[in-house]
Amino acid sequence: MFWRSVVGKLAATILLLVSFVLFILTILLLQFFENFHIQEAEKAMMQTATKVSVLVEQHPDRALIKETTERIADLDTRIAIVFGDGEVWVSDSSNEELSEFKMSWLDMDNKLARVITDDAEIKQQMVLPESGIEAMIAGAPVSTTQAGVFVYQSLDVIEQTKKETTQIILLAAGIAIILTIVFAVFLSSRITSPLIKMREAAFDLTRGEFNTKVPILTHDEIGELAIAFNRMGRQLKFHINALRQEKEQFSSIVSSMADGVITLSRNGEMIVINPPAEKFLEDWYFEKGSSPEEEDGRLPDELHEILQEVVQREREELYETSLQGRNWVMLMTPLYDQTHVRGAVAVIRDMTDERRSDKLRKDFIANVSHELRTPISLMQGYSEAIVDDVAESKEDKNELAQIIHEESLRMGRLVNELLDLARMEAGHIELNKSKVNVGTYADRIIKKFSGLAEENHIELRLEKNISRNQAYFDPDRIEQVFTNLIDNAIRHTSENGVVRVYVDCTESGLAAEVEDSGTGIPEQDLPFVFERFYKADKSRTRNKEKKGTGLGLAIAENIIEAHNGSIKVKSIENQGTTFSFHIPLET
Numbered sequence: 001m002f003w004r005s006v007v008g009k010l011a012a013t014i015l016l017l018v019s020f021v022l023f024i025l026t027i028l029l030l031q032f033f034e035n036f037h038i039q040e041a042e043k044a045m046m047q048t049a050t051k052v053s054v055l056v057e058q059h060p061d062r063a064l065i066k067e068t069t070e071r072i073a074d075l076d077t078r079i080a081i082v083f084g085d086g087e088v089w090v091s092d093s094s095n096e097e098l099s100e101f102k103m104s105w106l107d108m109d110n111k112l113a114r115v116i117t118d119d120a121e122i123k124q125q126m127v128l129p130e131s132g133i134e135a136m137i138a139g140a141p142v143s144t145t146q147a148g149v150f151v152y153q154s155l156d157v158i159e160q161t162k163k164e165t166t167q168i169i170l171l172a173a174g175i176a177i178i179l180t181i182v183f184a185v186f187l188s189s190r191i192t193s194p195l196i197k198m199r200e201a202a203f204d205l206t207r208g209e210f211n212t213k214v215p216i217l218t219h220d221e222i223g224e225l226a227i228a229f230n231r232m233g234r235q236l237k238f239h240i241n242a243l244r245q246e247k248e249q250f251s252s253i254v255s256s257m258a259d260g261v262i263t264l265s266r267n268g269e270m271i272v273i274n275p276p277a278e279k280f281l282e283d284w285y286f287e288k289g290s291s292p293e294e295e296d297g298r299l300p301d302e303l304h305e306i307l308q309e310v311v312q313r314e315r316e317e318l319y320e321t322s323l324q325g326r327n328w329v330m331l332m333t334p335l336y337d338q339t340h341v342r343g344a345v346a347v348i349r350d351m352t353d354e355r356r357s358d359k360l361r362k363d364f365i366a367n368v369s370h371e372l373r374t375p376i377s378l379m380q381g382y383s384e385a386i387v388d389d390v391a392e393s394k395e396d397k398n399e400l401a402q403i404i405h406e407e408s409l410r411m412g413r414l415v416n417e418l419l420d421l422a423r424m425e426a427g428h429i430e431l432n433k434s435k436v437n438v439g440t441y442a443d444r445i446i447k448k449f450s451g452l453a454e455e456n457h458i459e460l461r462l463e464k465n466i467s468r469n470q471a472y473f474d475p476d477r478i479e480q481v482f483t484n485l486i487d488n489a490i491r492h493t494s495e496n497g498v499v500r501v502y503v504d505c506t507e508s509g510l511a512a513e514v515e516d517s518g519t520g521i522p523e524q525d526l527p528f529v530f531e532r533f534y535k536a537d538k539s540r541t542r543n544k545e546k547k548g549t550g551l552g553l554a555i556a557e558n559i560i561e562a563h564n565g566s567i568k569v570k571s572i573e574n575q576g577t578t579f580s581f582h583i584p585l586e587t
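First residue of the sequence shown: 1, per full-length UniProt numbering; consecutive thereafter.
Laid out in structure tokens, this is it:
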């Protein structure tokens, strides 16, 4: 609205100020002219009365006096001469309502009588007795005789003059107000035009248009303000660009960090989070039986309590936890806004590899020794039995030799798998890739394990989502992965359990899941399932006669990685295990 703008406010201020001044000036002028007209009328009447009194005093001829008085009398006034012998003569007047002077007026008003008795001049306003007209009267004595001259006229004449004067003053005031309005609007527009342009430029700045410039129309304070505004816009653009670069640099650094980083507000709102931290929270939600979508990005209660400790105590807190078999260490440090704690930053590090390396260094020699000691001990014992002729018959010797042969094969298989694994980890694995019909390939693998599943009273189920029939990979190596995963799932699933194999082949790649309803993997064992010589606890092995070398999952991981893919595991103890892998498709 106009009145809410700077132009309206400035114009209204000027108008109100000028109107107030004109109002006071008008009142004073009206009062002044009212008194002025009365004084001038009294002065004129007194001068007329004085002239006539001198004429009466100096000329004894009353006819001449009356004739002369008639000539000098105004049309709207009356002149009354009271002679010494009591004769009263009154001049004619155009105002017929103006009563003629009578001697009885002297008896009614002592002031009028003083002109005759005391030779005093009087000027007063009175109501004429007969007509009731309010009139102004002036009296002058004739000094030589007991006579006097009275000049009077109606106040309506003065009121008419006052009315005309008032109209002129009000007209002048109205013209002054109109000119003031025009001048105020013009001046306000002139002054505020640069301000309006600066306001528009400020709105452009809020929209990010930092190249906006305000035209410099004047060289006064407003012009200097426009210069300062343009300088401010350039400085804002410079600093915003610098902040944007720092933000992008910070975002790149945080995103590329191996450690997880979460920036939190005082209320627990996650402001900045990088991929490792997202993985940490995803495992946390999975561990608690929920998902990030269900939690709607809400910070877990345990971490929120740590945040409150950091905010209240204003000191860093160290927190360790284990999720899905991985060890995490979180250091949360307060963030300050000058002296006020505005939030915290949490740095989360996955310590699983470090602790796994320590454990592997300790367990590798023990595992190799353990795996080799059993076949070597058997071979040594049974060979001694043959040498010492403990087995006397040929059948007994053949049986012992067969056991020695089987153990040597087992030891050779172990050594070969170790060599294969070493070559894979060294990057020397050779892949014989070819185009494979994924549907037929998956059916053949499931058919391969159908007999084993029926023998163990386990339901083996295949689910497929194939939008692309052909895939390019090494079928023998991938079959080795499927074989290891499905065999493990069957061996670790109780009777009447279910093993589900899901194969998905789309434009994004080949993905597969092997899910069982078995006993699951203890959380503390999850980080080591893909390591050499890993074996589940024997209590989890359904068939005691089937013993592996503990290298199958490690070989499977290397095969998948050789295809530029990834493999992972999720498990909840006593509920089941899910192994999944994904490899990108090649043409």
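Heads up, the beta-carbon is just placed ideally off N, CA and C, and yes, glycines get one too.
Computed from a prediction, not measured in an experiment: that's the story for all the values here.
| Check | Outcome |
| --- | --- |
| For Leu-323 and Pro-334, the rounded distance between their alpha carbons | 25 Å |
| Beta-ladder partner(s) of Gln-124, from DSSP | Ile-137 |
| Paired residues, beta bridge with Phe-473 - DSSP | Ser-434 |
| DSSP state of Thr-483 mapped onto helix, strand, coil | helix |
| Of the residues Thr-321, Gln-308, Arg-234, the one placed nearest Gly-343, counting alpha carbons only | Gln-308 |
| Between the CA atoms of Val-254 and Ile-490 - distance to the nearest angstrom | 43 Å |
| Segment contact, 8 Å Cβ cut-off, at least three pairs: the stretch 558-568 with the stretch 475-484 | yes |
| Short Cβ contact (7 Å threshold) for Arg-78 with Ser-93 | yes |
| Burial state of Lys-123, where buried means 16 or more other Cβ atoms lie within 10 Å | buried |
| Arg-468 versus Val-503: straight-line alpha-carbon distance, rounded | 12 Å |
| Option nearest Ala-226 by Cα separation, candidates Lys-213, Asp-119, Gln-235 | Lys-213 |
| Rounded straight-line distance, which links the Cα of Glu-314 to that of Asp-525 | 37 Å |
| Selected residue, minimal CA-CA separation from Ser-99, among Ala-12, Val-82, Ile-133 | Ile-133 |
| Contact set for Thr-96: own chain, Cβ-Cβ below 8 Å, skip 5 residues either direction | Contrary to the premise, residue 96 reads as Glu rather than Thr in this sequence. Closer than 8 Å at Cβ, skipping near neighbours: no residue. |
| CA nearest to the CA of Glu-67, picked from Ala-442, Ile-116, Ser-91 | Ser-91 |
| In DSSP terms, what Tyr-336 is bridged to | Val-341 |
| Of the residues Ser-566, Phe-449, Ala-11, Ile-555, the one placed nearest Phe-581, counting alpha carbons only | Ser-566 |
| Buried versus exposed, by CB contacts within 10 Å (16 or more), Pro-194 | buried |
| Residue interval of the alpha helix (DSSP H) (run including Gln-312) | 301-313 |
| Close beta carbons around Arg-500, own chain, < 6 Å, minus the five adjacent residues each side | Arg-461, Glu-515 |
| Backbone secondary structure at Val-157 - three-state DSSP | helix |
| Coil, strand or helix - Ser-571 by DSSP | strand |
| The stretch 8-17 contacting the stretch 175-192, beta-carbon criterion three pairs below 8 Å | yes |
| CA nearest to the CA of Arg-62, picked from Glu-407, Thr-180, Phe-83, Tyr-285 | Phe-83 |
| First through last residue of the alpha helix (DSSP H) which encompasses Val-214 | No alpha helix (DSSP H) contains Val-214, which DSSP labels as neither H nor E. |
| Arg-356 beta carbon less than 7 Å from that of Pro-475 | no |
| Buried or exposed (CB count within 10 angstroms, at least 16 for buried), Arg-326 | buried |
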